[in-house]
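Have a look at the structure below, then the notes.
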Amino acid sequence: MSKHYLKEKTVQFLKIIFPLILLVLSTIEIKKFAMDLNIQLLQHTIDQIPIATLVFVLLITIGAISPMFFYDAIIIKILGIKIPKKQFIKQSLVVNSFSNLIGFGGIIGVMLRTYFYQKDELKKGILLKTVAVVSLFFLTGISLLSWVTLVGYRNIPLLVHTKWLYLAVIIVALYLPTLLIITLWRDKKNPNPSITIKVKFLLILVSIIEWLATFFVFWLLESVMNISIPFGDLFAIYTVAACAGIVSLIPGGFGSFDLVFIWGTNYLGILDEKVVVLLLLYRIGYFIIPFLIGVFFFMKAYWEKWNNTWGNLPSIFVQRISHWLLTILIFISGLILLLSAALPGIIERLKIAEDIFSLPIISLSHQLSVATGFILLGLSRGIQYKVKRAYYLTIVALSFAVLFSLSKGFDYEEAIFLLIVALLLRLSKARFYRESYVLTWGKMTFDIFIIFLITLMYLLIGYFNLPTSKISIPTKFLPYVITDYQDLFYSAFIGLIIAIFIFYIGNFVGKSRKWPMESSINQEEKIYGHINKYKGNVLTHLIFLHDKYVFWNSQDNVLIPFQKYADKVVALGDLTGEKSEFPHAIEEFLTISDLYGYTPIFYENSNDMIPILHENGFDFFKLGEEAFVDLVNFSISGNKMKAMRAIKNKFKRENLTFEIIKPPLSDGLLRKLKTVSKEWLAGRREKGFSLGFFDEAYLNRSEIAILKNMNEEVIGFASLMPVYDNHQTISVDLMRFIPSSPSGTMDFIFLSLFEWAKEKGYKQFNLGMAPLSNVGLSKYSFFSEKIAAQIYIHGQVFYHFQGLRKFKEKYNVTWVPKYLAYRKRSSLPITMAQVTILIRKGKSMKNN
Numbered sequence: 004m005s006k007h008y009l010k011e012k013t014v015q016f017l018k019i020i021f022p023l024i025l026l027v028l029s030t031i032e033i034k035k036f037a038m039d040l041n042i043q044l045l046q047h048t049i050d051q052i053p054i055a056t057l058v059f060v061l062l063i064t065i066g067a068i069s070p071m072f073f074y075d076a077i078i079i080k081i082l083g084i085k086i087p088k089k090q091f092i093k094q095s096l097v098v099n100s101f102s103n104l105i106g107f108g109g110i111i112g113v114m115l116r117t118y119f120y121q122k123d124e125l126k127k128g129i130l131l132k133t134v135a136v137v138s139l140f141f142l143t144g145i146s147l148l149s150w151v152t153l154v155g156y157r158n159i160p161l162l163v164h165t166k167w168l169y170l171a172v173i174i175v176a177l178y179l180p181t182l183l184i185i186t187l188w189r190d191k192k193n194p195n196p197s198i199t200i201k202v203k204f205l206l207i208l209v210s211i212i213e214w215l216a217t218f219f220v221f222w223l224l225e226s227v228m229n230i231s232i233p234f235g236d237l238f239a240i241y242t243v244a245a246c247a248g249i250v251s252l253i254p255g256g257f258g259s260f261d262l263v264f265i266w267g268t269n270y271l272g273i274l275d276e277k278v279v280v281l282l283l284l285y286r287i288g289y290f291i292i293p294f295l296i297g298v299f300f301f302m303k304a305y306w307e308k309w310n311n312t313w314g315n316l317p318s319i320f321v322q323r324i325s326h327w328l329l330t331i332l333i334f335i336s337g338l339i340l341l342l343s344a345a346l347p348g349i350i351e352r353l354k355i356a357e358d359i360f361s362l363p364i365i366s367l368s369h370q371l372s373v374a375t376g377f378i379l380l381g382l383s384r385g386i387q388y389k390v391k392r393a394y395y396l397t398i399v400a401l402s403f404a405v406l407f408s409l410s411k412g413f414d415y416e417e418a419i420f421l422l423i424v425a426l427l428l429r430l431s432k433a434r435f436y437r438e439s440y441v442l443t444w445g446k447m448t449f450d451i452f453i454i455f456l457i458t459l460m461y462l463l464i465g466y467f468n469l470p471t472s473k474i475s476i477p478t479k480f481l482p483y484v485i486t487d488y489q490d491l492f493y494s495a496f497i498g499l500i501i502a503i504f505i506f507y508i509g510n511f512v513g514k515s516r517k518w519p520m521e522s523s524i525n526q527e528e529k530i531y532g533h534i535n536k537y538k539g540n541v542l543t544h545l546i547f548l549h550d551k552y553v554f555w556n557s558q559d560n561v562l563i564p565f566q567k568y569a570d571k572v573v574a575l576g577d578l579t580g581e582k583s584e585f586p587h588a589i590e591e592f593l594t595i596s597d598l599y600g601y602t603p604i605f606y607e608n609s610n611d612m613i614p615i616l617h618e619n620g621f622d623f624f625k626l627g628e629e630a631f632v633d634l635v636n637f638s639i640s641g642n643k644m645k646a647m648r649a650i651k652n653k654f655k656r657e658n659l660t661f662e663i664i665k666p667p668l669s670d671g672l673l674r675k676l677k678t679v680s681k682e683w684l685a686g687r688r689e690k691g692f693s694l695g696f697f698d699e700a701y702l703n704r705s706e707i708a709i710l711k712n713m714n715e716e717v718i719g720f721a722s723l724m725p726v727y728d729n730h731q732t733i734s735v736d737l738m739r740f741i742p743s744s745p746s747g748t749m750d751f752i753f754l755s756l757f758e759w760a761k762e763k764g765y766k767q768f769n770l771g772m773a774p775l776s777n778v779g780l781s782k783y784s785f786f787s788e789k790i791a792a793q794i795y796i797h798g799q800v801f802y803h804f805q806g807l808r809k810f811k812e813k814y815n816v817t818w819v820p821k822y823l824a825y826r827k828r829s830s831l832p833i834t835m836a837q838v839t840i841l842i843r844k845g846k847s848m849k850n851n
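Numbered by our numbering, the letters in the sequence shown go through residues 4 to 851 in order.
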């Protein structure tokens, strides 16, 4: 370890420990001095200053720090750094307020300037050297003022009676000439100094202005407090005290400056209490307030930098927590208003309100307070969902609530609380972006429960006040409760009617803000062109049921069919379109869903969609597996297919005929198909969305396979679903037959379809999904998945899913998994229930 290093560390240590020792000694002296102060006189001195004058003086004192900004302006000019003005002012305030209060021999100032001004292209050594050189000129101003004191005011009582202070003033006075001699001598050796002569004299001028600005603060405080100190004596005392503070090396001269200043005023016969108030105002305005502002700006800048480093995650977390708290506060505001209507407050305050307002106004305020309470409860949901309209309505409601709180019983605590909530809401304005929202089942249940509790409260209080009631309210609570049950019921009823009326008007006005969803019914040509260009999937053809909406991305090259139910928008199947645009299209779909308060989910997605959806915050639930028959290699020969051959031969012997009919279908055939469909349904309701239903226009869009008996009567049919993948895959949608049809009818239709599709050149046949096959069976499966599975199974009353897998496996199929993609914050069982209900709604969703 080198001697130079040890010397440097020793100096740094002394710079910190020596001021701390002196600060302790100063504190002991101040403590002794404070013991003799008259606290009542101190309080009286403060009370004598008008509030407006006090605020004005503090603002001037805070502004006195501004000349120090020029030091930083010179530093960044020398270094060639460009910083926006607002950012520069904030950074300079942080640097100088911290340096004034903490200091530590200038270490804090150097550290902060390095933190703020260090750029990638700027060498740290150059920055540190520039900051160090500029820092040398901070004391040149007081050094020059010290010469004025030594020449013009050396006989003031402070210096006469305290001789050692001469030494402090002389040391500081010698600083400027010593610095100039050293720097000028070095400049002669260095033809290109880092700081020119002109800049050095500019720094001296800035330092003079800085110290004079501080002196001006003392002169202003002395004038405001009516302390009679001659201008010259005040200047000299200030200069000597400043020199003592500098020599002590204590940051801001705390203790040392104050003691010397008090000594100086003592010799002039000034009351200590007045001087203490003056020094307190100086410390608060020049050191404490700028430091607190600086702390705020520094924490804000540091937070932004740290937040960017972590990809904005801390900010998102804080926003969610703060918004959650804000929602609770608004909800509590509504509860407070409703409770205060039944528990109006203190009788004495009601008398104050009666002296100011008339009785009808107090009664009306009571009813409007109830109405506002109900309105705030309702609006808290809009606030939770960050709806713009809810923000403005809540601001208005809170403003009126404050007036009603004061007018119904002078409840100023309630009014202050509501004002604070309104202020917090106003500060959060930028967070509100949604156009509307849709309540989830869980939140709707909670809201109904709260309304029930509030209604029960009013009923109970009213009942306890009935003359015939066997239960009475304890006497000690009577001053806080409305005892007139008729008034209570009347106020509650009128308030509720007003709230319902306002909500109705608000809902009527806000209808235009609902999501303008596009129906598929008028876009058939566009949809056909799109799916033929980009290829479809096994669910694409279901768009033509027209029981779904369609979403087009901004590039118009990605199609998402979907339907809404409750607070969900359910997208069906994989996206269709330009694959490179899928991520952007999903983001656009999520954005518009979020804008109108819906939660998107994606139903029956393949493995291809999982990576993209996972990137957008989705979790996955396996719905089941989809069966595909390889038509190229399919054959009914061999022992395994013996039963299939027997069925085919049986139907041939019984003269049942299979036929493919191309559209358009005749009216007569459609009537026959409808008859078969009704017999198969047997009064049960059609399903929809992801399953086809009997619709004549829909059936006319593709081939129909029909099965006739020996009497040429149609006993079964199957509608074919094109997949729009260049004639590679064909699928089946509706497959229905009359109950009296021969056993094996479904197998015969499938075998006949396989044969026909193979002849037409198709490569594979889609048999549809076996829902929930191999789902939720393991003991390690999530409990929510087990519940969701049971909901889905029991929701499909006449689609016997348990046997579907076994039925389809006999065709030597390949199984492909299908998934439900849902938001991680959503309840899987509730989501599954909502999808199940959506499918069960069937034909009723058509043309919505």
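Built from N, CA and C at the ideal position, the CB exists for glycine as well.
At the C-beta level, Ser100 and Phe260 stay beyond 8 angstroms of one another. Within the model, the alpha-carbon separation for Phe301 versus Leu598 is close to 34 angstroms.
Here Leu676 has Phe720 as same chain residues with Cβ atoms under 6 angstroms from its own Cβ, once five neighbours each way along the sequence are excluded. Rounded to whole angstroms, Glu629 and Asp570 show a C-alpha spacing of 28 angstroms.
Burial is judged here by how many other beta carbons sit within 10 angstroms of a residue's own beta carbon; Thr56 has fewer than 16 and is exposed.
Rounded to the nearest whole angstrom, the C-alpha separation of Arg828 and Phe621 is 9 angstroms. Glu590 has its alpha-carbon roughly 8 angstroms from the corresponding atom of Asn619. Approximately 6 angstroms separates the beta-carbon atoms of Leu147 and Ile211; this is inside 8 angstroms, confirming the contact. Note: Pro774 is bridge-paired with Gly627 in the DSSP secondary-structure output.
Note on Arg384: 16 or more other CB atoms within 10 angstroms of its CB, so buried under the neighbour-count rule. Contiguous beta strand (DSSP E) elements confined to the stretch 224-256 do not occur, taking only those with 3 or more residues. Distance from the Cα of Ile718 is smallest, within the candidate group Phe238, Thr748 and Ser640, for Thr748.
For Lys677, the enclosing alpha helix (DSSP H) covers residues Asp670 to Leu684. As the crow flies, the alpha-carbon of Arg704 is around 27 angstroms from that of Val572.
Out of Ile741, Ile752 and Ser744, the CA that lies nearest to the CA of Ser734 is found in Ile752. Closest by C-alpha distance to Ala700, out of Ser722, Trp309, Thr242 and Ser693, is Ser722. Rounded to the nearest angstrom, the Cβ distance from Thr579 to Ile534 is 6 angstroms, consistent with a contact under 8 angstroms.
Residue pairing for Tyr825: DSSP places it in a beta bridge opposite Asp622.
Excluding its 5 nearest sequence neighbours in each direction, Gln731 has C-beta neighbours in its own chain below 8 angstroms: Tyr765, Lys766 and Gln767, listed in chain order. Each of Glu581, Ala400, Pro70 and Ala708 was checked against the Cα of Leu426, and the nearest Cα belongs to Ala400.
Checking the DSSP bridge columns, you'll see Tyr606 partnered with Leu575.
For the pair Ile78 and Val134, the CB atoms are nearer than the 8 angstroms cut-off.
By the Cβ-count criterion, Glu225 is buried, with 16 or more other Cβ atoms from all chains shown falling within 10 Å of its own Cβ. Of all alpha-carbon atoms in Phe234, Ser408, Phe407 and Arg434, the one lying nearest the alpha-carbon of Ile386 is that of Arg434. Contact annotation: Leu168 and Leu161 have beta-carbon atoms nearer than 8 angstroms. In this structure, Phe264 sits away from Leu284, with a CB-CB distance that is not shorter than 8 angstroms. Secondary structure remark: continuous alpha helix (DSSP H) runs of at least 4 residues inside the stretch 146-215, in chain order: 160-164 and 167-192. Separation of Leu131 and Asn103 (C-alpha to C-alpha, rounded to the nearest whole angstrom) is 19 angstroms. For Phe697, there is no enclosing beta strand (DSSP E), as DSSP gives it neither H nor E. Closest option to Phe218, judged by alpha-carbon separation, among Ile68, Asn525 and Lys844: Ile68. Val220 and Phe320 have their C-alpha atoms spaced approximately 44 angstroms apart. The continuous beta strand (DSSP E) containing Ile718 extends over residues Val717 to Pro725.
A Cβ-Cβ separation of about 12 angstroms leaves Lys813 out of contact with Ala773 under the 8 angstroms criterion. A distance below 7 angstroms between beta-carbons, with the five flanking residues on each side excluded, links Val209 to the following residues of its chain, in chain order: Pro70, Phe73 and Tyr74. Under the three-state reduction of DSSP, Pro70 is assigned to helix. Around the beta carbon of Pro603, 16 or more other beta carbons sit within 10 angstroms, so the residue counts as buried.
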